[in-house]
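Residue numbers (the working numbering): 41 to 146. Virtual Cβ for every residue (Gly too), placed ideally from N, Cα, C. What follows is a short report on a single structure.
In structure tokens, the structure reads:
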């Protein structure tokens, strides 16, 4: 079986523009904290849609180092060798960076 991977930055950016839900990973008091949220990809930046207060924003202020993952299943679960269930085909993009809270939206 051959695997196909997202080829480069242009394909990754297209993927990020097409999707609307991702998973933001942060560190809260030395422990992992991951939450799903809506986002938009615009001009090389990922913009998160969220409330104006809460644990996520507190975590970003305390430690802006984050990991953001977006994925989608593109195939059906299929049988593997010996009839064992195998994973479905899927695509994903994993981003590492620094988040910041935009305090003034006007």
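In angstroms with no decimal places, state the Cα-to-Cα distance between residue i and residue j.
i: residue 50; j: residue 59; result: 15 Å
i: residue 144; j: residue 126; result: 48 Å
i: residue 93; j: residue 99; result: 11 Å
i: residue 112; j: residue 52; result: 13 Å
i: residue 42; j: residue 116; result: Residue placement at residue 42 cannot be trusted, given a pLDDT of 46 that sits under 50; what the coordinates show is reported in the next sentence. The alpha-carbon atoms of residue 42 and residue 116 are separated by roughly 16 Å.
i: residue 57; j: residue 96; result: 23 Å
i: residue 118; j: residue 73; result: 32 Å
i: residue 76; j: residue 47; result: 25 Å
Apply the 10 Å Cβ neighbour rule to residue i and answer buried if 16 or more other Cβ atoms are within range, or exposed otherwise.
i: residue 61; result: exposed
i: residue 106; result: buried
i: residue 88; result: buried
So which of the options has the shortest CA-CA distance to residue i?
i: residue 82; options: 129, 54, 97, 138; result: 54
i: residue 133; options: 101, 102, 86, 96; result: 86
i: residue 131; options: 66, 114, 137; result: 114
So does residue i have its beta carbon nearer than 7 Å to some heavy atom of the ligand FMN?
i: residue 95; result: Because no ligand of any kind appears in the structure shown, any question about the ligand FMN cannot be addressed here.
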